[in-house]
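2 protein chains.
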Amino acid sequence: MQPNVYEANCPSRQLLDRIGDTWSVLVVVTLAEGIHRYTELAKRIEGVSPKMLTQTLRGLERDGLITRTVHPVVPPRVDYALTELGHSLYALVEGLEKWAETHIEDVQAARAAYDATVQAYSAK
Amino acid sequence: MQPNVYEANCPSRQLLDRIGDTWSVLVVVTLAEGIHRYTELAKRIEGVSPKMLTQTLRGLERDGLITRTVHPVVPPRVDYALTELGHSLYALVEGLEKWAETHIEDVQAARAAYDATVQAYSAK
DNA sequence: TGCAGTACTTACCTGAGGGATAGTGTAGGG
DNA sequence: CCCTACACTATCCCTCAGGTAAGTACTGCA
Numbered sequence: 299m300q301p302n303v304y305e306a307n308c309p310s311r312q313l314l315d316r317i318g319d320t321w322s323v324l325v326v327v328t329l330a331e332g333i334h335r336y337t338e339l340a341k342r343i344e345g346v347s348p349k350m351l352t353q354t355l356r357g358l359e360r361d362g363l364i365t366r367t368v369h370p371v372v373p374p375r376v377d378y379a380l381t382e383l384g385h386s387l388y389a390l391v392e393g394l395e396k397w398a399e400t401h402i403e404d405v406q407a408a409r410a411a412y413d414a415t416v417q418a419y420s421a422k
Numbered sequence: 299m300q301p302n303v304y305e306a307n308c309p310s311r312q313l314l315d316r317i318g319d320t321w322s323v324l325v326v327v328t329l330a331e332g333i334h335r336y337t338e339l340a341k342r343i344e345g346v347s348p349k350m351l352t353q354t355l356r357g358l359e360r361d362g363l364i365t366r367t368v369h370p371v372v373p374p375r376v377d378y379a380l381t382e383l384g385h386s387l388y389a390l391v392e393g394l395e396k397w398a399e400t401h402i403e404d405v406q407a408a409r410a411a412y413d414a415t416v417q418a419y420s421a422k
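In order, the protein sequence lines correspond to chains A and B.
The numbering used here puts the first residue of the first sequence at 299, with every later residue one more than the last.
The numbering used here puts the first residue of the second sequence at 299, with every later residue one more than the last.
Structure representation (structure tokens):
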């Protein structure tokens, strides 16, 4: 009954997997700006292969986070847009970004300190 | 200057990778309950191998999200605890869980609908 | 003498995710 | 007449993340 993150089929775990997928997050972030076409997304999200882009888009569509609109013209034209659900998820991603901006200095300081002590040990 | 999620070395991107790592999140969630020892974490987080647990713990420690306290006794005893920074990150994870609980029905409905239409096409 | 308990580390190996590349269908334009 | 644009789809291939298993160091207890 209660959410159990330790089980793979738990809702919270599934969301975790989605948030964990870099391409999915990148698509959501890009679509938060507005409607985009397939090639626009491909150009915007540098480094994504057509295979992964399609795969990601399908997954997002399946989960009701984005809509896919096919215009029956030649050459084909397909528009992708965030749904209301997608926008609410984007709000969370924004929260992550805010946290990152606020605490990144702490994290980097911690990393530097940690690396320094490790270096000291291995140098000995 | 401004955060660019599309670049791999951007702060927001690094946080994304951390949140994306299932074991990291699971450790943070478990430690949010209180201090735990190594074997306690191993038992609690079902399915994690000692290798991955150590690796995850090291990464979290490096980023200043958890503390690692070694007690020089025999047999050895090592305590792990969330730092203040770790707790603030946990707040975000809690937000994700809340979202999941609230919207999981919408997602599952969307999935069912999507699968139904796909099935209809492939059956044709 | 040797085994148990703790917290790892190291070496080796495999499967699956994802990159690269090529193919598909349509029609307007040069 | 064929090339291009668009949005995929299919295929092969290869890397590498992560699992398994075994090793390490230390000491008290039977």
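All C-beta atoms, glycine included, are put in the ideal place defined by N, C-alpha and C.
| Asked | Found |
| --- | --- |
| Assuming A410(B) and D361(A) form a contact by the criterion Cβ under 8 Å, report the distance between their Cβ atoms to the nearest whole angstrom. | A410(B) to D361(A), Cβ: 11 Å. No contact. |
| I'd like to confirm the pairing. Which residues does DSSP put opposite T367(B) in its beta bridges? | D377(B) |
| What in chain B is Cβ-close to L380(A), meaning under 7 Å? | What L380(A) touches in chain B: nothing, since even the nearest Cβ is about 13 Å away. |
| On the DSSP bridge assignment, give the partners of R335(B) in chain order. | D377(B) |
| Could you check the C-alpha separation between L351(A) and E344(A) for me, to the nearest Å? | 11 Å |
| Note down, in chain order, every chain A residue with its Cβ under 7 Å from the Cβ of D404(B). | G362 and L383 |
| Just checking: is the beta-carbon of A408(A) within a distance shorter than 8 Å of some beta-carbon in chain B? | yes |
| Mapping DSSP to helix, strand and coil, what is V323(A)? | helix |
| To be precise: take each residue of the region 319-344 of chain A, compare its Cβ to all Cβ atoms of chain B, and keep it if any distance is under 8 Å. Which residues remain? | D319, T320, V323, L324, V327, R342, I343 and E344 |
| Please go through the same chain and pick out, in chain order, the residues whose beta-carbon is closer than 6 Å to the beta-carbon of T354(B), but skip the five residues on each side of it. | W321, S322 and V325 |
| Can you have a look at T415(B) and say buried or exposed, based on whether 16 or more other CB atoms are within 10 angstroms of its CB? | exposed |
| With respect to the alpha helix (DSSP H) encompassing E305(A), which residues constitute its N-terminal and C-terminal limits? | Note, E305(A): premise wrong, no alpha helix (DSSP H); not H, not E. |
| Chain B beta carbons: is any one of them nearer than 8 Å to that of Y388(A)? | no |
| Taking 8 Å as the limit between beta carbons, can you name the residues of its chain near R335(B), skipping five residues before and five after? | R375, V376, D377 and Y378 |
| Kindly indicate the opening and closing residues of the alpha helix (DSSP H) around E344(B). | Segment: none, E344(B) is in no alpha helix (DSSP H) and carries neither H nor E. |
| Using a C-beta to C-beta distance shorter than 9 Å, which residues of chain B count as neighbours of E392(A)? | Within chain B, no residue comes near E392(A); the closest Cβ sits about 10 Å away, beyond 9 Å. |
| Taking only beta-carbon positions, decide if L351(B) is within less than 8 Å of chain A. | no |
| Please check the pair A340(B) and L380(B), which I expect to be a contact at CB under 8 Å, by giving their CB distance rounded to whole angstroms. | Not quite, the Cβ-Cβ distance comes to about 18 Å (not below 8 Å), so this is no contact. |
| Which residue comes first and which comes last in the alpha helix (DSSP H) that contains G357(A)? | P348 to R360 |
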